[in-house]
Each structure stands twice: as structure tokens, then as C-alpha cells.
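Numbering (this note's numbering), first residue to last: 121 to 771.
Worksheet: one structure, shown below.
Structure follows, in C-alpha cells:
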């Protein structure tokens with residue numbers, strides 16, 4: 121009989137806009153573990169009130185993921201603070217408390233105190249095994265049972281599947297992205313800036329094409345990062361970590377205060393004043409997951425000399441650069457030897473990627489074995505319904521639902537409801553305005569689809585303004601009704617359409633008609649007549665640059681129910697932008713504007729249900745790549761034409 125599965129709860133600050141490695145690491149347990157994993161995302165924001173009454177006895181283990189800012193856990197002024205009542209509840213639960221932690225060079229003793237308060241049992245750290253007792257002494261953390269060294273990231277399955285040989289064209293020679301780190305991290309932290317500056321000079325001096333930056337605004341994430349690697353022949357790199365460990369946090373505070381008084385102070389000045397004697401005494405260093413990503417694309421690695429967690433070896437996996445740059449002539453000579461670089465890249469790919477030795481699959485297997493060693497049998501009470509668990513999370517505005525190594529991100533219930541309510545309460549100037557919009561969308565499926573695609577795009581930054589779009593829809597929904605109503609007045613008018621070819625402008629214009637021309641004498645509103653149909657057809661065939669409604673000619677005798685704008689002219693700017701984004705929808709959307717014989721209006725409840733349901737369908741359909749939540753779509757290397765002369769040598 122097989123071992124019974126353990127039930128594990130993961131607490132993470134993940135909201136979806138992080139680097140690939142955060143997502144890959146977080147969901148690797150769900151993808152490969154033999155045990156059951158449940159996730160609470162942004163648990164101190166979305167799920168905080170839920171977690172205060174959470175039943176931890178239903179889980180065999182609780183994992184605190186490494187994206188948490190641990191120095192803030194014990195600080196009441198921090199948004200990362202965990203109240204004493206909650207920490208006591210977690211510590212008292214029978215579940216094993218497991219901590220994954222990175223960036224361990226700061227506030228070490230503050231973190232120790234938080235670990236003691238939460239009753240941490242296992243720690244998975246980036247610190248070398250010889251320093252475990254220095255960072256995590258059992259005297260300060262009595263509940264501690266074991267400390268294990270792991271990497272900051274591993275090789276996800278989608279990188280293992282990439283097939284982009286070293287001989288393929290590359291648009292640039294040297295590619296590098298990182299960030300400048302704070303001075304108190306010591307010499308090791310400064311290597312990222314040094315290698316970027318030195319190789320920017322080397323590229324200019326020796327004629328390499330380069331795209332190198334450590335500026336925050338130049339950082340690249342997600343699919344664009346993978347494409348950047350594909351376009352690069354060489355990847356630069358250094359070890360990650362720090363050569364100065366700030367155990368108390370005092371060093372960081374002293375340096376910050378000094379820099380506030382002396383903003384132009386150099387690294388050398390700060391080091392000499394505050395941490396010259398500390399640099400190198402205790403070091404946290406590890407291989408960066410970005411090295412694995414570069415190896416997956418058969419980039420030739422050009423790295424500062426280092427240990428690289430014992431995984432990379434100089435001259436076998438990378439071209440070593442001495443930290444004083446005394447061997448740079450030899451480095452450049454090797455970089456110009458394309459056959460040598462290709463052999464090096466292939467060897468690195470075989471040893472690091474193809475072997476599977478650094479895969480998440482293997483990492484999770486080792487994690488399972490460690491977990492079972494310390495928790496051989498379940499201790500939980502009761503059951504957990506997965507559907508109900510994530511339904512409660514959704515109601516707490518946590519819209520992320522793990523599925524294997526991926527995750528589905530739904531539009532949050534707050535987003536959906538707020539958008540619908542915004543239509544109902546913010547846009548309307550009369551009680552029936554919102555209902556009119558919803559009815560129009562329900563009876564105009566193409567316009568509804570355009571509306572949803574525009575306010576729930578794949579990239580949230582591309583979302584069109586909801587309120588402005590609703591105003592456009594409100595006017596469209598009222599055109600026929602107001603025209604028909606005018607037929608009962610002493611000043612009837614008609615709405616004609618015209619197409620200005622030279623200006624590519626489509627105008628709907630109110631024009632007076634005879635008072636004797638009552639609506640009962642007109643079988644159909646003129647939006648359906650042939651003279652307007654021609655203008656609509658032209659607009660659908662050749663998208664206008666401007667789309668307007670002009671009511672000025674009749675506004676004195678038949679004012680519009682609400683203010684349209686200057687000179688009673690209204691521009692459908694948001695609707696027009698949406699049509700330019702999705703031009704294939706234009707014919708159907710314009711055709712729906714002409715509709716007159718609409719079906720009886722449904723109830724408000726059914727209309728809102730349709731909007732909500734369509735919104736959810738849009739969200740569910742975007743499981744991969746949305747805000748970086750799902751795994752990147754299977755990477756399909758493209759082969760762009762390149763003028764890089766070294767590609768001919770590589771071929």
C-alpha cells in the first residue's frame with residue numbers, strides 16, 4: 121500500500137507580475153510533487169481576513185514561500201507584519217512549518233526572531249551548508265529541525281523543450297540585463313554593475329554589437345526576456361548574492377543615513393567608512409537562474425570567475441573573466457573563435473539543461489523526500505474541498521487558481537463587479553442609462569465581444585477606459601429611441617449618416633423634418649434607410665479616423681437628454697480605438713448600430729449575469745502568459761534576418 125499523500129498549504133505574496141523564476145518555482149510543487157498543494161496568493165492582502173480564522177489543522181505542512189519580505193514580518197509598521205495572534209495560531213498548529221528564504225544578507229537576526237515566533241521547523245536556504253549554524257542557530261530558533269541548501273531557481277520544463285542551436289542567427293553579440301544593487305552588499309554585489317560597465321567599453325573597443333544595461337527601466341520579463349536571450353550570442357554573468365552580511369540591520373541604516381547626507385558618495389567611500397573589514401568574511405553566493413535560461417538558448421556564457429554553486433566550471437561551461445580584467449585579451453580572443461564558442465555552448469546545454477540535473481522535477485523530488493523524512497505520516501484533521509478552497513480565495517479577491525505548473529487568472533470578483541457597477545452608477549445621469557447600456561450589449565453580441573476584449577485585454581495596461589467606453593455605448597443605445605420619441609413632439613428630427621471620404625470621417629447628424637411627419641407615418645427609423653445604410657457600409661469597409669454624432673442643428677428645439685459636448689457634438693473616441701484594435705469586428709458592430717427590430721428586453725438580472733459570465737469566459741481563456749501568471753506559451757524560436765557578420769562564421 122502506497123504512502124498517504126500529505127496536504128500542504130503554500131503562503132505566497134505572488135500576484136502575477138513577477139519574473140518567470142518566481143512563478144516557475146512557486147508552482148513546481150503543484151506540478152511535480154506526489155503530495156497535494158493548496159495556494160493562498162498575496163495572503164496578507166487579499167486573504168488576510170480569511171487567514172485570521174483559517175483552520176491550519178487541516179494541513180500537514182505550511183510553506184512560507186521566498187517571495188515574502190521576511191524582515192518586515194516582525195515590524196508592526198510594515199505591510200508584511202504578521203500579528204502576534206496569527207503567528208501564535210500558526211506556531212501552535214500541528215502542521216510542519218517550512219520556510220523558503222532568499223536574499224539572506226540582511227536583517228538576519230530580525231528574521232531569526234520571526235522564525236522563532238512562527239515555529240519554523242524546516243528552512244530551505246541559499247546559504248552554504250558550512251554557514252547554516254551562523255545564519256540559523258538552533259539556540260535562537262528552538263523549533264528548528266533541519267536546514268537544507270537549495271538553488272535560487274531551477275530549469276523549468278519549457279526551457280528543456282527549447283531547440284535553438286548555437287549555430288542559429290543572432291542579432292546581437294553580447295546581451296545582458298541585471299540591476300544595480302545597494303552598496304552594503306559588498307564587492308560581490310557590485311560585480312553586476314562592473315561587468316556591465318566594462319563590457320560596454322570592451323564592446324565598443326573590439327567591435328562587438330551589444331545590448332547591456334543594469335538600469336531598472338531596462339529590465340525585461342516574461343516572453344520578451346526569452347526573445348532577448350534568443351537574439352544574443354553571448355550572455356554575461358556574475359554570481360548572485362552578497363559578500364557583506366548585515367546580521368543586525370544596522371549597516372544598512374548607517375549607509376542609508378550617510379547617503380542621504382552625501383548623495384554623491386561613491387561605493388569605495390562607503391566601503392572604506394562602514395564595511396571594509398566585513399567584506400568577504402561571511403559570503404552568500406549562488407548561481408542565478410538566468411544562467412540556466414541563457415544555457416537553454418545555447419548562449420555562450422562569459423562570466424566572472426566564481427563557484428556558481430558547483431554547477432559551472434571555467435573553460436568547460438563558460439569563458440572565465442578575472443575580476444581584475446587582467447585576462448581580457450584572452451577573453452576577447454576566445455569570443456572571436458566561433459567554433460570554440462559553439463562547442464562551449466553545446467557542452468553547457470548538455471550538462472546543465474539536457475541532463476535534467478538542475479530541473480524543477482528533480483528539485484521537487486528531493487523536497488518530497490525531505491518532507492517525508494520529517495513528516496512521515498499525515499497529522500491533519502478533516503478534509504479540504506479544492507473547489508471550495510479556491511472559491512473562498514476568489515471571493516477574497518485572489519483570482520489565481522493553480523493548475524499543474526501553470527495558473528489560471530480570472531478577472532477578480534471585485535474587478536468584475538466594480539466595472540459593472542461603474543456602468544450602473546458612475547456613467548448614468550438618469551435612472552435608465554445603465555440599463556440601456558446593458559440591454560444594448562445583451563442584444564448586440566459583436567459589440568459585447570468588442571467591449572469585453574477592450575476592458576479585459578491580455579495586457580492590463582492596454583485596457584481602454586471603462587467609463588469612456590460606457591459613454592459611447594450609452595449614446596449608441598439611445599439613438600433610435602430618441603429619434604423615435606421626437607416623432608411624438610412638435611419638432612421631430614431624423615438622424616442621417618454621412619461619410620467624408622477626404623477626412624475619413626463618419627458622422628451621424630440630427631436633421632429637422634416636417635412636424636406633420638409623425639413617427640406613425642414612418643415604418644422604420646431612418647437609421648435603417650438606404651441613404652444611411654450606404655454611409656455605414658463605407659465606415660465598416662474603411663475604418664474612419666473620426667466617428668462623431670452632431671446634434672447641433674436641432675438642439676435648440678429638441679435638446680438631447682444630456683450634455684453631449686461643445687456645440688452638441690460627441691466623438692466616439694473609445695469605441696473607435698477599440699475598432700481599430702479589432703478591425704475584423706467593425707462590420708458586425710456597425711451592422712448592430714442599424715438594428716431596429718430588437719428582441720424584448722431581458723430582466724436586469726439576466727443582463728448582468730451575461731456580462732459577468734462573458735467577463736469570466738474572457739478571463740478563463742487567458743490562462744497562459746496573462747500578467748505573467750501562466751507558464752510562457754511554448755517558445756517557438758523565430759529566425760529573424762540578421763546582418764551580424766559573425767553568423768556567417770557560425771554557419
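All C-beta atoms in this analysis are idealised placements derived from N, C-alpha and C, irrespective of residue type, glycine included.
| Check | Outcome |
| --- | --- |
| Please report the distance separating the alpha-carbon of residue 469 from that of residue 441. | 20 Å |
| Taking Cβ positions, are residue 177 and residue 215 nearer each other than 9 Å? | yes |
| For residue 665, which of helix, strand or coil comes out of DSSP? | coil |
| Quick one: complete beta strand (DSSP E) runs, 3+ long, within the region 379 to 406? | 404 to 406 |
| If contacts are defined as beta-carbon pairs under 8 Å, then residue 221 and residue 243 qualify, I think. What distance do you get, rounded to the angstrom? | 7 Å |
| Rank 446, 337, 161, 155 by C-alpha distance to the C-alpha of residue 143 and give the top, closest one. | 161 |
| Determine the extent of the alpha helix (DSSP H) in which residue 356 is found, giving its start and end residues. | First-last for residue 356: 352 to 357, but that is the beta strand (DSSP E), not the alpha helix (DSSP H). |
| Please state the DSSP three-state secondary structure of residue 529. | strand |
| Between residue 155 and residue 510, what straight-line distance do the alpha-carbon atoms span, to the nearest angstrom? | 18 Å |
| Using DSSP's beta-bridge definition, name the partner residues of residue 331. | 295 |
| Do you know offhand how far residue 306's Cα is from residue 399's? | 6 Å |
| In the structure shown, what three-state DSSP assignment does residue 245 receive? | strand |
| Pull up the distance between the alpha-carbon of residue 232 and that of residue 209, whole angstroms please. | 18 Å |
| With a cut-off of 9 Å, does the C-beta of residue 190 fall near any C-beta of chain B? | No chain B is part of this structure, which consists of one protein chain only. |
| If I measure Cβ to Cβ from residue 96 and keep anything under 8 Å in the same chain, skipping five residues before and after, which residues do I get? | In the structure as shown, the chain starts at 121 and stops at 771, and residue 96 therefore has no counterpart that could be examined. |
| Should residue 133 be labelled buried (16 or more other beta-carbon atoms within 10 Å of its own) or exposed? | buried |
| To the nearest angstrom, how far is it from the Cα of residue 391 to the Cα of residue 183? | 37 Å |
| Over what stretch of residues does the alpha helix (DSSP H) that includes residue 700 continue unbroken? | 693 to 701 |
| Which runs of the beta strand (DSSP E) at least 3 residues long sit entirely within the region 186 to 249? Give them in chain order. | 216 to 220, 242 to 245 |
| Give every residue of the same chain whose Cβ lies closer than 8 Å to the Cβ of residue 192, excluding the five residues on either side of it in the sequence, and list them in chain order. | 198, 199, 200, 201 |
| Say whether the region 330 to 343 touches the region 263 to 273, bearing in mind that this needs 3 or more beta-carbon pairs closer than 8 Å, one atom from each stretch. | no |
| Residues bridged to residue 615 by DSSP? | 630 |
| Suppose the cutoff is 6 Å on Cβ atoms and the five residues either side in sequence are ignored; what does the same chain contact list for residue 140 look like? | none |
| With the cut-off set at 9 Å, would you say residue 130 and residue 159 are in Cβ contact? | yes |
| If you follow the alpha helix (DSSP H) that residue 781 is in, where does it begin and where does it stop? | Here the chain has residues from 121 to 771 only, and residue 781 is not among them. |
| CB-CB under 6 Å to residue 574, same chain, minus the five flanking residues each way: which ones, in chain order? | 584, 698 |
| Could you tell me whether the region 281 to 290 touches the region 413 to 421, using the rule of 3 or more Cβ pairs below 8 Å? | yes |
| Can you check the region 263 to 307 for any beta strand (DSSP E) of at least 3 residues that lies completely inside it and give the ranges in chain order? | 266 to 269, 292 to 297 |
| From the DSSP output, in three-state form, read off residue 670 for me. | strand |
| Can the beta-carbon of residue 464 be found closer than 9 Å to that of residue 438? | yes |
| Hey, residue 516 and residue 170: beta-carbon distance below 9 Å or not? | yes |
| So if DSSP puts residue 441 in a beta bridge, which residue, or which two residues, is it bridged to? | 424 |
| Within 10 Å of its beta-carbon, does residue 522 have 16 or more other beta-carbons around it, so buried, or fewer, so exposed? | buried |
| Taking the C-alpha atoms as reference points, what is the distance between residue 603 and residue 576? | 33 Å |
| Can the beta-carbon of residue 712 be found less than 9 Å from the beta-carbon of residue 566? | yes |
| For residue 258, count neighbouring Cβ atoms within 10 angstroms of its own Cβ and tell me buried if that reaches 16, exposed if not. | exposed |
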